[in-house]
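Colleague:
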Amino acid sequence: MKSRWPDLFEIKAQMSSPKNNISIGLAGQQNAGKSTIFNMLTGASQHIANYPGVTVDKKVGNYRDEHGRVEVVDLPGTYSLTSFSLEERVARDFLLREKPDAIVNVVDASSLRRGLYFTFQLLEMSFPVVMALNMVDVAEANGRRVDSEKLAQLLGIGVVPTVGRKGRGKEKLRQTIRQTAREPKAKGSLRIEYDRLEEHIDSVYDVLSESKALAMAVPLRWMAVKLLEGDSEAFKLLNHYHKQPENVIELVRSSVEAFEEKTDISPGDYIVSCRDREASRIVDQCVEVINTNTVHVSEKIDRVLLHRGLAPLFLVLTVYLIYELSIVQGYKLTFLTWPALAWIRATVAGLLPDPGMLQDTILRSLPLWMVDSVNTLLNYVPIFLILFALIAILEDSGYMARIAFILDRVFHSFGLHGQSTLPFILGGVFTGGCAVPGIMATKGIPDERSRLATILTVPYMNCLAKIPLYTLLVNIYFTASRSYVMLFISTITIIMAMIIAKILTSTVLRGRETSPFIMEMPNYHMPMVTSVLRRAFDRTWVYIKKVGTIVIAVAVCVYVLLQFPGIPDDRMEHYQKRMDAAIKDFQADIQGTQYADLLDDEQGLLDLLNISARYREAKLAASTQEASRAVDERYEARYPELFPLLRARDAESRAISRSLRNLANERTTLRTQIREETIVHSYFGSLGKALEPVTQFAGFDWKINVALISSFAARESSVATLGVLFQEGADENIPLEERMEREGEAGGNTPLHALALMLFFALYPPCLAATIMVKVQTGSYKWMFFSIAFPTIFGLAVASGVFTFGTMLGLSGIQAMGAFYVLALITAIGLSFIRDPGWDQGGPRYTTKQEFTP
Amino acid sequence: MKRFRKIHKLSTECTECTLGTEHHKPPCQVLTQVKKGCRCRIRRHNAHGAIRQRLLDLGFVPNAEVEMIRCATLGDPLEMRMGDYYVTLRKREADLIEVQMA
Chain A
1 MKSRWPDLFE
11 IKAQMSSPKN
21 NISIGLAGQQ
31 NAGKSTIFNM
41 LTGASQHIAN
51 YPGVTVDKKV
61 GNYRDEHGRV
71 EVVDLPGTYS
81 LTSFSLEERV
91 ARDFLLREKP
101 DAIVNVVDAS
111 SLRRGLYFTF
121 QLLEMSFPVV
131 MALNMVDVAE
141 ANGRRVDSEK
151 LAQLLGIGVV
161 PTVGRKGRGK
171 EKLRQTIRQT
181 AREPKAKGSL
191 RIEYDRLEEH
201 IDSVYDVLSE
211 SKALAMAVPL
221 RWMAVKLLEG
231 DSEAFKLLNH
241 YHKQPENVIE
251 LVRSSVEAFE
261 EKTDISPGDY
271 IVSCRDREAS
281 RIVDQCVEVI
291 NTNTVHVSEK
301 IDRVLLHRGL
311 APLFLVLTVY
321 LIYELSIVQG
331 YKLTFLTWPA
341 LAWIRATVAG
351 LLPDPGMLQD
361 TILRSLPLWM
371 VDSVNTLLNY
381 VPIFLILFAL
391 IAILEDSGYM
401 ARIAFILDRV
411 FHSFGLHGQS
421 TLPFILGGVF
431 TGGCAVPGIM
441 ATKGIPDERS
451 RLATILTVPY
461 MNCLAKIPLY
471 TLLVNIYFTA
481 SRSYVMLFIS
491 TITIIMAMII
501 AKILTSTVLR
511 GRETSPFIME
521 MPNYHMPMVT
531 SVLRRAFDRT
541 WVYIKKVGTI
551 VIAVAVCVYV
561 LLQFPGIPDD
571 RMEHYQKRMD
581 AAIKDFQADI
591 QGTQYADLLD
601 DEQGLLDLLN
611 ISARYREAKL
621 AASTQEASRA
631 VDERYEARYP
641 ELFPLLRARD
651 AESRAISRSL
661 RNLANERTTL
671 RTQIREETIV
681 HSYFGSLGKA
691 LEPVTQFAGF
701 DWKINVALIS
711 SFAARESSVA
721 TLGVLFQEGA
731 DENIPLEERM
741 EREGEAGGNT
751 PLHALALMLF
761 FALYPPCLAA
771 TIMVKVQTGS
781 YKWMFFSIAF
791 PTIFGLAVAS
801 GVFTFGTMLG
811 LSGIQAMGAF
821 YVLALITAIG
831 LSFIRDPGWD
841 QGGPRYTTKQ
851 EFTP
Chain B
855 MKRFRKIHKL
865 STECTECTLG
875 TEHHKPPCQV
885 LTQVKKGCRC
895 RIRRHNAHGA
905 IRQRLLDLGF
915 VPNAEVEMIR
925 CATLGDPLEM
935 RMGDYYVTLR
945 KREADLIEVQ
955 MA
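Written out as structure tokens, the structure reads:
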């Protein structure tokens with residue numbers, strides 16, 4: 001196993017690299033305007049990668065100055081560089097491991113004092129630091145002027161005043177970066193003195209310096225301070241590099257005890273107070289208050305938007321707008337983009353072997369299946385673009401933080417987080433959405449446990465593809481109380497999601513890292529078009545790349561499970577006979593015409609059928625009259641003998657053409673039936689039958705099982721599969737509703753059956769695309785399988801419970817529905833009062849504990 | 855259950871600051887008891903680990919001045935002003951911070 005830390009050899013290799021091309025890190029606190037500085041420095045040349053092993057985005061960009069190339073890595077925005085949160089660990093690991101040539105510390109000029117805490121930590125790590133004193137314009141508008149020269153002098157580093165959003169200070173910053181990177185070590189930069197702790201720092205420092213490996217890897221004074229603070233990652237580093245970590249740990253322990261005894265304060269607290277004293281000393285000297293007691297513009301806006309009574313109103317409005325623009329309008333946009341995807345499919349289809357009369361070879365069907373799977377996902381791209389742009393606007397404007405503020409109380413009761421709102425909305429809380437963007441939007445949730453719980457519960461929302469089945473069942477079984485049932489469906493899902501979130505956070509997710517809801521309320525900013533668009537495109541591209549690679553593999557598995565072992569021979573014979581009969585009819589029609597010879601063997605006929613299908617497609621795709629004529633000319637040139645049949649001009653060919661159309665229609669029908677019967681006889685189909693003994697408690701027969709299983713690939717197919725399974729009467733053009741009703745009455749199906757089915761469908765596992773998204777967002781196949789298995793079992797249990805008890809008590813469908821609703825609501829409210837297992841007396845519990853035994 | 859009642863009770867106190875009633879004021883309070891519009895100074899906090907670190911990072915250091923701005927619609931979390939910026943906390947966390955009226 002490769003260690004996370006570089007060995008000595010790697011470190012040496014890094015140190016001897018030529019220095020015309022340098023790499024720098026961009027570090028700073030959240031809301032300091034780090035990404036605007038990143039965009040200002042790098043312009044368009046940037047991309048998103050991942051930090052190894054974690055799902056934290058790593059933005060990398062570069063630019064050239066007169067000396068060479070500068071690679072810029074944007075570190076996660078963190079308030080500090082401790083080991084308490086994932087982002088902080090990621091940022092710190094990167095700094096220690098990659099040792100960038102310079103670090104640009106972005107600091108919000110309005111909150112310099114707080115920003116300095118972070119700067120001090122960077123300086124303590126002996127990095128060459130340049131400070132970008134950002135948003136000086138906002139600070140001045142709020143009545144604070146910072147003397148950057150004085151600040152540079154006090155800190156002993158370069159300080160450049162910038163306004164990232166307007167590109168001010170760009171050249172100066174680039175120059176200072178180059179200058180700082182050239183100087184071998186940060187000389188003369190401020191050293192924070194820890195007065196009474198110094199003696200302990202010195203003694204720990206001496207023991208640490210015995211290890212050369214450690215001295216190469218990390219700055220020792222920083223290490224000594226971190227060990228005295230009790231930082232868990234520092235102890236890991238110590239164990240990794242130091243030959244006798246036990247001695248050091250022992251010394252640290254005794255030093256901490258001695259210090260606490262003498263001063264009655266922990267070294268951690270003491271260090272903080274020293275840093276705070278230093279920060280306030282600097283602020284006092286550098287910040288000129290030109291206007292006291294100004295009320296910020298942001299606060300004026302918040303007096304309205306966050307008004308206790310009005311806040312929910314604005315929130316609902318915002319949510320509605322996002323939903324309307326991304327899901328509803330985005331869905332309309334997909335009608336415009338679909339032809340492009342259809343064209344790709346047609347092109348691929350053209351390259352593959354021609355279709356057979358009734359069945360295609362696997363060489364044709366498998367690639368097409370994969371193209372279809374990818375297309376299904378690419379179809380969402382317009383929705384995602386709009387969605388990501390809107391999310392970027394929400395983030396940049398600062399309203400996202402306000403959403404979390406307003407709703408945190410509700411979600412927190414169920415172990416979720418204020419920022420779980422958006423994922424749930426996109427997942428389709430009330431009227432239908434899509435779990436895929438919902439799961440993607442969980443990225444911003446800072447609390448790991450809440451984030452996982454949100455990912456696992458978003459799929460319970462009403463996705464758009466669930467609606468057809470609901471509609472079907474409601475129209476059959478609940479015609480009298482349609483609106484109540486629809487209301488039931490749209491609200492029961494959120495209730496169930498909250499119950500499940502609470503269950504998950506109290507059980508499987510119990511040990512996960514949580515983080516307190518302590519958040520800075522950012523100032524409102526006008527979002528910048530370029531930054532919004534860039535983020536929207538970047539995130540969409542990441543989606544395409546990640547999903548594209550996984551979906552191919554999963555699609556092959558599902559294909560095999562749905563297509564094999566294939567349709568039995570006797571059924572195939574039956575279809576073959578029907579096809580033969582149709583062909584005979586056709587051949588009788590063309591008897592004695594000039595085409596009889598041309599089409600007397602099956603191959604000739606098959607070619608004609610395929611050519612005519614392609615011709616019709618091409619004609620449909622041709623939008624203008626010229627294009628349509630061009631298609632005609634092309635086909636006439638390629639198939640001179642057959643063309644009269646494609647475009648009939650005289651009476652004879654018109655009659656044959658009509659007959660050909662009948663044959664083609666019959667072929668299409670038979671192919672559809674074969675395809676669907678193949679599913680029934682497939683491994684999934686057999687599974688459906690095998691599950692009947694279990695699912696009978698929920699009132700599902702094998703037909704329903706097959707429909708449910710096959711709908712895993714795509715929800716839309718559930719109604720289609722049911723259509724196949726309830727086939728009797730299909731030829732008489734009786735709608736599926738009536739067919740199911742008729743058969744249902746014969747088999748004793750009741751509204752209770754329908755209720756159980758709807759409940760199961762509401763709790764059904766996420767579709768293929770969403771499970772892949774779960775994998776992408778959690779970074780683990782384990783959670784992906786969990787997201788499939790848990791809802792299946794839970795949904796089946798709920799459906800069985802409702803069906804079995806409903807039958808036992810003799811309840812009607814509506815009665816059972818009401819009873820279940822009340823029960824679920826009581827459970828949810830009851831659960832919200834149960835204490836979170838993550839909280840103990842002192843507050844939430846954290847996995848990263850400060851301990852002396854690593 | 856007892857804890858819930860406490861939180862519930864506190865949430866009703868998100869009302870206007872009443873500066874006139876100085877004799878009512880206890881010498882030391884926790885941050886959740888500070889009323890809207892009132893200012894106070896932080897004495898110390900009883901938080902540990904990540905919460906403590908986060909509070910310190912955001913400037914909740916001894917002697918820092920805090921002004922209570924508002925609470926959310928459902929009474930939790932709270933928003934307060936720390937000099938030039940605004941911070942929100944859950945009551946659970948604000949309960950850990952001891953303050954002194956300014």
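Keeping their order, the protein sequence lines are chains A and B.
Position 133, counted from 1, in the first sequence is what our numbering calls 133; the numbers after and before it change by one each time, with no gaps.
When you read off a place in the second sequence, starting at 1, and then add 854, the result is the number in our numbering.
Note that beta-carbon positions come from the ideal geometry of N, C-alpha and C, so glycine has one too.
Only a predicted model underlies this, so the values are computations on that prediction, with no experimental measurement involved.
Determine the direct distance from the alpha carbon of G813 (chain A) to that of I467 (chain A), and round the result to whole angstroms.
Modeller: Each residue's alpha carbon lies about 19 angstroms from the other.
Colleague: Contact between the region 502 to 517 of chain A and the region 362 to 369 of chain A: three or more CB pairs below 8 angstroms?
Modeller: The region 502 to 517 of chain A vs the region 362 to 369 of chain A: no contact.
Colleague: Which stretch, first to last residue, makes up the alpha helix (DSSP H) that contains N247 (chain A)?
Modeller: Taken as a continuous stretch (DSSP letters only), the alpha helix (DSSP H) holding N247 (chain A) covers P245 to T263.
Colleague: Assuming the contact rule is C-beta atoms closer than 8 angstroms, A796 (chain A) and A698 (chain A) should be a hit. Round their C-beta distance to whole Å, please.
Modeller: The residue asked about is misnamed: residue 796 (chain A) is Leu in this sequence, not Ala. Sure, about 6 angstroms apart at Cβ, within 8 angstroms.
Colleague: If the criterion is Cβ atoms closer than 8 angstroms, does the pair R402 (chain A) and E233 (chain A) meet it?
Modeller: Not closer than 8 angstroms, so no.
Colleague: Evaluate W702 (chain A) with the Cβ neighbour count: other Cβ atoms within 10 Å of its Cβ, from every protein chain shown; 16 or more gives buried, anything less gives exposed.
Modeller: Per the 10 Å Cβ criterion, buried.
Colleague: Considering Cα atoms alone, identify which of A:P76, A:G143 and A:S111 is closest to N134 (chain A).
Modeller: Selected option, being the one with the closest Cα: A:S111.
Colleague: Let me make sure I understand the geometry here. Which of A:V129, A:S80 and A:P100 has the alpha-carbon closest to that of D231 (chain A)?
Modeller: That would be A:S80, whose Cα lies nearest to the Cα of D231 (chain A).
Colleague: For Q842 (chain B), which of helix, strand or coil comes out of DSSP?
Modeller: The requested residue 842 (chain B) is not part of the displayed model; chain B covers only 855 to 956.
Colleague: Output the distance between the C-alpha atoms of I709 (chain A) and R253 (chain A), rounded to the nearest integer angstrom.
Modeller: Each residue's alpha carbon lies about 59 angstroms from the other.
Colleague: Going by CA-CA distance only, name the one from A:N21, A:L378 and A:V60 that's closest to Y543 (chain A).
Modeller: Of the candidates A:N21, A:L378 and A:V60, the one whose C-alpha sits nearest the C-alpha of Y543 (chain A) is A:L378.
Colleague: Measure the Cβ-Cβ separation of A770 (chain A) and V436 (chain A) and say whether it is below 8 angstroms.
Modeller: Closer than 8 angstroms, so yes.
Colleague: Does any residue of chain B bring its CB to less than 8 angstroms from the CB of L133 (chain A)?
Modeller: False, the Cβ-Cβ gap to chain B never drops below 8 angstroms.
Colleague: Which two residues bound the contiguous alpha helix (DSSP H) that contains Q995 (chain B)?
Modeller: Shown here, chain B extends from 855 to 956; a query on residue 995 (chain B) therefore has no answer.
Colleague: For C557 (chain A), count neighbouring C-beta atoms within 10 Å of its own C-beta (all shown protein chains included) and say buried if the count is 16 or more, exposed if not.
Modeller: Per the 10 Å Cβ criterion, exposed.
Colleague: Could one say the Cβ of I829 (chain A) lies closer than 8 angstroms to chain B's Cβ atoms, at least one of them?
Modeller: Closer than 8 angstroms: no.
Colleague: Near V160 (chain A), what residues of its chain come up, given a Cβ to Cβ distance below 8 angstroms and the 5 sequence neighbours on each side ignored?
Modeller: V130, M131, A132, L133, S148, G169, K172, L173 and T176.
Colleague: Note down the Cα distance separating R946 (chain B) from M519 (chain A), rounded to an integer number of angstroms.
Modeller: Roughly 14 angstroms between the two C-alpha positions.
Colleague: Ordered along the chain, which non-local residues of its own chain (more than five positions away) have a Cβ less than 6 angstroms from that of W222 (chain A)?
Modeller: Answer for W222 (chain A): E124 and M125, listed in chain order.
Colleague: Against chain A, does T886 (chain B) count as a neighbour if the rule is that its beta carbon must be under 8 angstroms from one of theirs?
Modeller: Cβ-Cβ to chain A under 8 angstroms: no for T886 (chain B).
Colleague: With distances taken Cα to Cα, identify the nearest neighbour of D859 (chain A) among A:Y241, A:R196 and A:E299.
Modeller: Residue 859 (chain A) is absent from the model: chain A starts at 1 and stops at 854.
Colleague: Just checking my contact of M528 (chain A) with D396 (chain A) at CB under 8 angstroms: how many whole Å lie between their CB atoms?
Modeller: Between D396 (chain A) and M528 (chain A) the Cβ distance is about 7 angstroms, and since that is below 8 angstroms, they are a contact.
Colleague: Excluding sequence positions up to five away, which residues of its chain have a Cβ less than 6 angstroms from the Cβ of M817 (chain A)?
Modeller: For M817 (chain A), where only same-chain residues beyond five positions count, the Cβ hits under 6 angstroms are F488 and L755.
Colleague: Along chain A, which residues have their Cβ under 9 angstroms away from the Cβ of R944 (chain B)?
Modeller: Result: D408, R409, H412, P516, F517 and I518.
Colleague: Could you name the residues of chain A that I951 (chain B) contacts, counting a contact when the two beta carbons are closer than 8 angstroms?
Modeller: Those within 8 angstroms of I951 (chain B) in chain A number zero; the least Cβ separation is about 11 angstroms.
Colleague: Which of the three DSSP states is assigned to M400 (chain A) in this structure?
Modeller: Correct three-state label for M400 (chain A): helix.
Colleague: Between the alpha carbons of C892 (chain B) and V138 (chain A), how many angstroms are there, rounded?
Modeller: Near 26 angstroms, if we compare the C-alpha coordinates of V138 (chain A) and C892 (chain B).
Colleague: In the DSSP output, which residue or residues are listed as bridge partners for T942 (chain B)?
Modeller: Note: T942 (chain B) sits in a beta bridge opposite A:M519 and B:E933.
Colleague: State the DSSP-derived secondary structure class of Y821 (chain A), mapped to helix, strand or coil.
Modeller: Three-state DSSP puts Y821 (chain A) in a helix.
Colleague: Taking only beta carbons into account, state which residues of the region 304 to 333 of chain A come closer than 7 angstroms to chain B, listed in chain order.
Modeller: Listed in sequence order: L306, R308, A311 and P312.
Colleague: Quick check on H47 (chain A): does DSSP put it in helix, strand or coil?
Modeller: Strand.
Colleague: Bridge partners for D108 (chain A) per DSSP, in chain order?
Modeller: Partner(s): A:N134.
Colleague: If you reduce the DSSP assignment to three classes, tell me which class M461 (chain A) lands in.
Modeller: Correct three-state label for M461 (chain A): coil.
Colleague: With 9 angstroms as the C-beta to C-beta threshold (strictly closer), list the residues of the region 902 to 920 of chain B near chain A in chain order.
Modeller: Against chain A - using a Cβ distance shorter than 9 angstroms - the residues of the region 902 to 920 of chain B are H902, G903, A904, I905, R906, Q907, R908, L909, L910, D911, L912, G913, F914, V915, P916, N917 and A918.
Colleague: Per DSSP, what kind of secondary structure is N62 (chain A) in: helix, strand or coil?
Modeller: Strand.
Colleague: For L306 (chain A), which of helix, strand or coil comes out of DSSP?
Modeller: Residue state, collapsed to three classes: coil.
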